[in-house]
Amino acid sequence: MTESSHHPLRDHQPRFQGLDSGHRACQGCGEALAARLVTEAAGPDVIVSNATGCLEVFSTPWPETAWRIPWLHSLFENAASVAAGMEAAMRAQGRDTKVLAFAGDGGTFDIGMRGLSGMLERGHDVLYVCFDNEAYMNTGVQRSSSTPHAAMTTTSPPGRERMGKRHLKKDLLAIVAAHHIPYAATASVAYPSDLRKKVRRAMGVEGPSFLLVHSPCPLGWGHDSALTVQVARLAVQTGLFPLVEMERGSVASVMPIRRPCPVTDYLKLQRRFRHLFADHPRAREELEHLQALADHNIEVYRLAGEEPDPLDTEGADTVRRGGMRYA
Amino acid sequence: MPQALEGSQAIARAVALCRPGVVAAYPITPQTHIVENISKLVADGELHCELVSVESEFSAASVVLGAAAAGSRAYTASASQGILLMSEVLYNIAGLRVPLVLTCANRAVSAPLSIWNDHQDSMAVRDAGWIQLYCADNQEAVDTTIQAYRISERLELPVMVCVDGFTLTHTLEPIELPTQAQVDGYLPPYRFSRALDPMRPLSMGELVSPAYFTEVRHTHHVALRGALPEIEAADADWAEVCGRHSGGLVEVVREGEGGGIGILSIGSVTGTFADAAEQYTELPAARLIRLRCFRPFPDEALRAACAGLSDLVVVERALSPGAGGIVGTEVRAALREMDEPPRVHDVAVGLGGRDVPLELYPRLIEVARGEQETRFSILDLEPDKLPEEVR
Numbered sequence: 402m403t404e405s406s407h408h409p410l411r412d413h414q415p416r417f418q419g420l421d422s423g424h425r426a427c428q429g430c431g432e433a434l435a436a437r438l439v440t441e442a443a444g445p446d447v448i449v450s451n452a453t454g455c456l457e458v459f460s461t462p463w464p465e466t467a468w469r470i471p472w473l474h475s476l477f478e479n480a481a482s483v484a485a486g487m488e489a490a491m492r493a494q495g496r497d498t499k500v501l502a503f504a505g506d507g508g509t510f511d512i513g514m515r516g517l518s519g520m521l522e523r524g525h526d527v528l529y530v531c532f533d534n535e536a537y538m539n540t541g542v543q544r545s546s547s548t549p550h551a552a553m554t555t556t557s558p559p560g561r562e563r564m565g566k567r568h569l570k571k572d573l574l575a576i577v578a579a580h581h582i583p584y585a586a587t588a589s590v591a592y593p594s595d596l597r598k599k600v601r602r603a604m605g606v607e608g609p610s611f612l613l614v615h616s617p618c619p620l621g622w623g624h625d626s627a628l629t630v631q632v633a634r635l636a637v638q639t640g641l642f643p644l645v646e647m648e649r650g651s652v653a654s655v656m657p658i659r660r661p662c663p664v665t666d667y668l669k670l671q672r673r674f675r676h677l678f679a680d681h682p683r684a685r686e687e688l689e690h691l692q693a694l695a696d697h698n699i700e701v702y703r704l705a706g707e708e709p710d711p712l713d714t715e716g717a718d719t720v721r722r723g724g725m726r727y728a
Numbered sequence: 043m044p045q046a047l048e049g050s051q052a053i054a055r056a057v058a059l060c061r062p063g064v065v066a067a068y069p070i071t072p073q074t075h076i077v078e079n080i081s082k083l084v085a086d087g088e089l090h091c092e093l094v095s096v097e098s099e100f101s102a103a104s105v106v107l108g109a110a111a112a113g114s115r116a117y118t119a120s121a122s123q124g125i126l127l128m129s130e131v132l133y134n135i136a137g138l139r140v141p142l143v144l145t146c147a148n149r150a151v152s153a154p155l156s157i158w159n160d161h162q163d164s165m166a167v168r169d170a171g172w173i174q175l176y177c178a179d180n181q182e183a184v185d186t187t188i189q190a191y192r193i194s195e196r197l198e199l200p201v202m203v204c205v206d207g208f209t210l211t212h213t214l215e216p217i218e219l220p221t222q223a224q225v226d227g228y229l230p231p232y233r234f235s236r237a238l239d240p241m242r243p244l245s246m247g248e249l250v251s252p253a254y255f256t257e258v259r260h261t262h263h264v265a266l267r268g269a270l271p272e273i274e275a276a277d278a279d280w281a282e283v284c285g286r287h288s289g290g291l292v293e294v295v296r297e298g299e300g301g302g303i304g305i306l307s308i309g310s311v312t313g314t315f316a317d318a319a320e321q322y323t324e325l326p327a328a329r330l331i332r333l334r335c336f337r338p339f340p341d342e343a344l345r346a347a348c349a350g351l352s353d354l355v356v357v358e359r360a361l362s363p364g365a366g367g368i369v370g371t372e373v374r375a376a377l378r379e380m381d382e383p384p385r386v387h388d389v390a391v392g393l394g395g396r397d398v399p400l401e402l403y404p405r406l407i408e409v410a411r412g413e414q415e416t417r418f419s420i421l422d423l424e425p426d427k428l429p430e431e432v433r
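Residue numbers (the numbering used here), protein chains in the order written: chain A, 402 to 728; chain B, 43 to 433.
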């Protein structure tokens, strides 16, 4: 890679870039965008523990790397445990460098669950970021426990007997929140300043914090690469992916949706839901089911706000203080 | 002045003398006493380190990996199922060339469930790319633990210190603990050349294509081969400090007389055979050889130790079902390069904690004197407990 001194423009770059250009992510990759936003907000005084997955593969084809921050990839299921060890080392050395753990939904919801729970329970000062693209994308789009209900993947294909994934998306935020950690939140690449604000909040927390970042995958979801942000925004505005903040296990704030969009606005842009638009009673049933799930989110998180839809600028992403989650 | 210490307690004190920054472990018999003792040292303020009581051995290995990579000396211990659960991380630690020391309190592997001693656990991860040192007694466990840190940090290779579960971990012996000054003089403070540091960011654990993978594996192999002299030097230098040798790579514990019979063993059973040789004076005294270092495999030292033997009986504590012995197979291969290699008889004993008594010694001599070379057999099998067809 070229030395930074050969890039005069970089000297004038206003923001710190933890994940630099030149990596091999697909066009329109939501995860690459999310990782750039997260590392930008976290700043340079960090150490990263990265799980196996797309992010690791596209950012570090040896002998190159896109990372400008100290970064270690160990295995698929131990990003949280490796991060815990790094944090213990920082403590032992009397340093306050923040440790970040990065993993996808497979490495978090599924195979990395044990290590994540242990890290949260022991109270390590680690910000764990799950880049949620809702399937095993690195291995070619297989279903994970984060895959939405009825979505098509290569291991949940629709057919005469099936309408895509049979099970619900795991409510990971609730599981994380049940550890009563100081701060847990969901975010989306469609709302970058909200995401940055949440990273900064998490960076300021002493103890474990958790961010679930909704990160569309054009290849796996089957949408136009130019529509990544639009798709991500619709996930929020339909209520399918609510943006919430939890403190010590209780909902602290939510991003309100004034005029929720019907879930079909979101689903119809993605090939993984194409089978739901067939002229078939099962398809209609599943569409209703997904709408009911979105409505449920809107109800339990009290997303239906009175204010106009928030503009995505600093300070304007007004959030309504919510009470305890009552569902 | 020697103190009466349980093996686990002595190992815990040795670890503390090495000043680890991070200790992570998960309880498993017979390793528990080591971690309990370390926990107590931390609670009493005698050891200042971050003690991370993790939720699995998988995480124990992952935590010490993260800690060592982030610039702190780290320690963990496990056994049996725990070693197997760690195995993915063990390969990863070695491949990343991160310095670490792990105590394996050797125990059988399930099924059938057994909490007792054999070597199946550490043998199962012999190809993980770790250095493996097997201890004869608890004094050696103490000294080897200290040496292990020096070896590991000089070479950036992880070291597994293997101690027989219960036989060593739960046995009281008079132990000479070194002083803190002795250890500090021998073991410099931890400095990892590739420590993760925001002031000097680097990426570790990258994706390596077929264009480079072979070269990385070769480098690892060469590094382990290069560890042979370093392991000997660590032992010799420690002997300069405290006057005790731990056996280098291969130790001739007792010279034989006539007959040219040798018995090669690994771990704590060597002591039993030494006692037996004293007792069975009517039998030809065999040369007792102990393989202290199993990885890297010390071919040359082994050939030197076996020079002049007509028969060598390899006594091992694990097996590769369907193939036979593990240690014996490697010994046989190494000795083939001798001008006049001895016959190599390979036997397993003491599986799943079966006692290895003094009375085994005459049977080993009998095996050595056999007409045929014993390719592999489980010597202390009790066939009358089995149905006819599998005897």
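In this text, a Cβ means the ideal position worked out from N, Cα and C, and glycines have one as well.
Residue i, DSSP secondary structure in three states
i, result
"B:H75", "helix"
"A:Q418", "coil"
"B:K427", "helix"
"A:W468", "strand"
"B:F336", "strand"
"B:G227", "helix"
"B:F255", "helix"
"B:G395", "helix"
"A:T453", "coil"
"B:P326", "coil"
"B:E215", "strand"
"A:D595", "helix"
"B:Q321", "helix"
"A:M725", "Because A:M725 sits at a pLDDT of 36, beneath the cut-off of 50, its placement in the model cannot be relied upon, and the point is left open."
"A:Y584", "strand"
"B:D388", "strand"
"B:G366", "strand"
Presumed contact (8 angstroms Cβ cut-off) between residue i and residue j, rounded CB distance
i, j, result
"A:N479", "B:V131", "7 angstroms"
"B:N79", "B:S50", "6 angstroms"
"A:A737", "A:V590", "Residue 737 of chain A lies beyond the stretch modelled for chain A, which goes from 402 to 728, so this question has no answer here."
"B:A347", "B:V294", "5 angstroms"
"B:M246", "B:L138", "6 angstroms"
"A:M553", "A:C455", "Not really, about 19 angstroms apart at Cβ, beyond 8 angstroms."
"B:I193", "B:V201", "6 angstroms"
"A:Q428", "A:P559", "About 26 angstroms separates the two Cβ atoms, so there is no contact after all."
Under 9 angstroms between C-beta atoms of residue i and residue j
i, j, result
"A:S450", "A:A481", "yes"
"A:L668", "A:L691", "yes"
"A:L613", "A:L574", "yes"
"B:G289", "B:A190", "no"
"A:F510", "A:A436", "no"
"B:Q162", "B:L361", "yes"
"B:D397", "B:V369", "no"
"B:V356", "B:L291", "no"
"B:V391", "B:R359", "yes"
"B:G298", "B:R329", "yes"
"A:G650", "A:H580", "yes"
7 angstroms Cβ cut-off: residues of chain D touching residue i
i, result
"B:A66", "Here chain D cannot be found, since the structure's protein chains are A and B."
* Residue ranges of each beta strand (DSSP E) within the stretch 118 to 180 of chain B, 3 or longer -> Counting only runs that start and end inside the stretch 118 to 180 of chain B, the beta strand (DSSP E) elements of at least 3 residues fall at 143 to 148 and 173 to 176.
* **Every unbroken beta strand (DSSP E) within the stretch 469 to 555 of chain A, with a cutoff of 3 residues, ordered by chain** => You should have 472 to 474, 499 to 505 and 527 to 533.
* Residues in the stretch 95 to 107 of chain B having any Cβ partner in chain A nearer than 9 angstroms -> Along the stretch 95 to 107 of chain B, the positions whose C-beta sits under 9 angstroms from a C-beta of chain A are S95, V96, E97, S98, F100, S101, A102, A103, S104, V105, V106 and L107, read in chain order.
* Asked: Taking any Cβ of chain A, which residues in the stretch 284 to 308 of chain B have a Cβ under 9 angstroms from it, in chain order?
  -> So the list is empty, because no residue satisfies the distance condition.
* At a Cβ cut of 7 angstroms, what residues of the stretch 232 to 246 of chain B count as close to chain A, listed as they run along the chain? -> So the list reads L238, D239, P240, P243, L244, S245 and M246, given in the order they occur along the chain.
* Which whole runs of the beta strand (DSSP E) in the stretch 251 to 316 of chain B are 3 residues long or more, in chain order? -> If we require 3 residues or more, the beta strand (DSSP E) runs fully inside the stretch 251 to 316 of chain B come out as 292 to 296 and 303 to 307.
* Near-chain B residues of the stretch 462 to 491 of chain A - C-beta to any C-beta below 7 angstroms -> Only P462, W463, T466, W468, R469, I470, P471, W472, L473, H474, S475, L476, N479, S482, V483, A484, A485, G486, M487, A489, A490 and M491 from the stretch 462 to 491 of chain A bring a Cβ to less than 7 angstroms from some Cβ of chain B.
* Output, in sequence order along the chain, the residues in the stretch 131 to 150 of chain B whose CB is closer than 7 angstroms to any CB in chain A. => Sequence-ordered contacts of the stretch 131 to 150 of chain B with chain A read V131 and N134 [C-beta pairs closer than 7 angstroms].
* To do: Check each residue of the stretch 418 to 452 of chain A: if its Cβ is closer than 7 angstroms to any Cβ of chain B, include it; give the result in chain order.
  => Taking 7 angstroms as the Cβ-Cβ cut-off, the stretch 418 to 452 of chain A approaches chain B at P445, D446, V447, I448 and S450, given in chain order.
* Asked: Which runs of the beta strand (DSSP E), 3 residues or longer, sit entirely within the stretch 609 to 666 of chain A?
  -> For the stretch 609 to 666 of chain A, whole beta strand (DSSP E) runs of length 3 or above, ordered along the chain, are 610 to 615, 645 to 648 and 651 to 655.
* In chain order, each alpha helix (DSSP H) run of at least 4 residues that lies wholly inside the stretch 662 to 705 of chain A -> Those alpha helix (DSSP H) runs which fall completely within the stretch 662 to 705 of chain A and span 4+ residues are 664 to 668 and 682 to 701.
* Interfacial residues, the stretch 72 to 95 of chain B to chain A, with Cβ spacing under 9 angstroms -> With the criterion set as a beta carbon lying under 9 angstroms from some beta carbon of chain A, the members of the stretch 72 to 95 of chain B are H90, C91, E92, L93, V94 and S95, in sequence order.
* To do: Determine which residues of the stretch 519 to 541 of chain A have a Cβ less than 9 angstroms from any Cβ of chain B, and write them out in chain order.
  => Per Cβ criterion, the list reads G519, M520, E522, R523 and H525.
* Asked: In the stretch 245 to 260 of chain B, which residues sit with their C-beta less than 8 angstroms from some C-beta in chain A, listed in chain order?
  -> Of all residues in the stretch 245 to 260 of chain B, only S245, M246, G247, E248, L249, V250, S251 and Y254 place a beta-carbon less than 8 angstroms from a beta-carbon of chain A.
* What residues in the stretch 118 to 130 of chain B bring their beta carbon closer than 9 angstroms to a beta carbon of chain A? -> From the stretch 118 to 130 of chain B, only E130 have a Cβ closer than 9 angstroms to chain A.
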